[in-house]
Amino acid sequence: MDMGLQGKKALVLASSQGLGKAVAAQLAAEGADVMLASRNEEKLMAVKEELLAAGGGGRVEFCVTDVTRKEDIEALIRKTGELFGQIDILVNNSGGPPSGTFESLTDEDWEHAFELNVLSYVRVIRGVLPYMKESGGHIVNIASTSVKQPIPGLILSNTFRTGVFGMAKTLSQELAPYGILINTVSPGRIGTDRIRDLDAARAEQNGISIEEVGEQFRKEIPLGRYGQPEEFAKAVVFLLSGANTYITGASLVVDGGMVRAL
Ligand SMILES: NC(=O)c1ccc[n+]([C@@H]2O[C@H](COP(=O)([O-])OP(=O)(O)OC[C@H]3O[C@@H](n4cnc5c(N)ncnc54)[C@H](OP(=O)(O)O)[C@@H]3O)[C@@H](O)[C@H]2O)c1
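Just so we're aligned, residue 261 is where the sequence shown starts under the numbering used here, counting upward by one.
Printed below as a string of structure tokens:
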């Protein structure tokens, strides 16, 4: 299948590791020019070198960005526009909100999670629209299986990820006249640092080992294992590619069958 990604200009947030990095790597391998963005400059430099060495043929650039800072997002959009001249593809992503129950979280926790997991997506989409309204585009917002089924102990994710999906569904209507397709892709138990941290926290809470936590989760996953970031990235890259001409406003979970909801 021709993915039609050669020469496309892609902006991938939170791409110094984990899911964002895996998506950026596959876009670069398909010949897209990729702008990486997250907070840690050293990690971004290393990812840039890795992607260039893999040899997709496109450009790889980076911009140190804290997505909770409005001025960082403005600078990122400016730099991407200056270097690439266009933005065809956006992957909205960020760090995950902290775990916690309703009674354990403060106003500051709620405000920070809103800035990290909702407002950052709003601001980046606003920033790319002038480019995409000219010639169309593809957007994927990375969310969580909490859009389908609340996750115990993750009330901030359960609240804000559904909001991001609601926004994307609304935008799929508002942006369709410009040829902009926007979808929500939700990972479930993809083996990254984030999942290792959450498993470690659960192990400590329950007084069991991290291996036992993994075993408990694997029993709940029909495919019987955690996913790999590359498996998640393939689904995202399809939705971002020229092969996707008619899917917009959709919510796709990539979770080995873990979510039981229809
Ligand atoms: N893995 C899963 O199965 C899973 C499941 C459900 C939801 N998710 C969600 O998917 C997203 C990505 O997850 P992941 O597993 O790839 O996590 P990860 O391995 O922890 O990576 C998080 C990425 O976010 C960046 N980041 C964190 N805070 C940032 C900020 N304020 N500004 C800019 N970049 C920031 C980090 O880079 P720097 O530290 O360099 O900034 C890093 O590149 C998270 O929101 C996570 O909650 C993942």
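We treat Cβ as the ideally placed atom computed from N, Cα and C, and that holds for glycine. In this text, all values refer to a predicted model and were calculated from it rather than measured experimentally.
Would you say the beta carbon of residue i comes nearer than 8 Å to a heavy atom of ligand 1?
i, result
"V378", "no"
"N353", "yes"
"K408", "no"
"I526", "The first residue shown for the chain is 261 and the last is 522, placing residue 526 beyond what the model contains."
"K494", "no"
"Q488", "no"
"T325", "yes"
"N443", "no"
"T405", "yes"
Does the distance from the CB of residue i to the CB of residue j come in under 9 Å?
i, j, result
"D348", "Y381", "no"
"R454", "G355", "yes"
"G517", "N443", "no"
"L350", "V388", "yes"
"L265", "F492", "no"
"A514", "P437", "In the sequence as presented, Ala is not what sits at residue 514; that position holds Val. The answer is no: Cβ separation not under 9 Å."
"M263", "G474", "no"
"G318", "A282", "no"
"S364", "A461", "no"
Taking only three categories from DSSP, how would you classify residue i?
i, result
"V424", "helix"
"G341", "helix"
"T505", "coil"
"G355", "coil"
"M392", "helix"
"P447", "strand"
"G413", "coil"
Residues in its own chain within less than 8 Å of residue i by CB, not counting five upstream and five downstream?
i, result
"A314", "A285, A288 and A289"
Looking only at its own chain, which residues have a Cβ that is under 6 Å from the Cβ of residue i, when we skip the five neighbours before and after it?
i, result
"N352", "L273, Y381, V384 and N401"
"S404", "S417, R421 and S446"
Please work out which residues of its chain come closer than 7 Å, Cβ to Cβ, to residue i, disregarding the five sequence neighbours upstream and downstream, and give them in chain order.
i, result
"L336", "A297, C323 and T325"
Less than 8 Å between the CB of residue i and some heavy atom of ligand 3, yes or no?
i, result
"R449", "Because ligand 3 does not appear in the structure shown, any question about it cannot be addressed here, the ligands present being ligand 1."
Would you say the stretch 394-409 touches the stretch 364-373, given that touching needs at least three Cβ pairs under 8 Å?
-> no
How do the stretch 478-495 and the stretch 446-466 stand: do at least 3 beta-carbon pairs fall below 8 Å, yes or no?
-> yes
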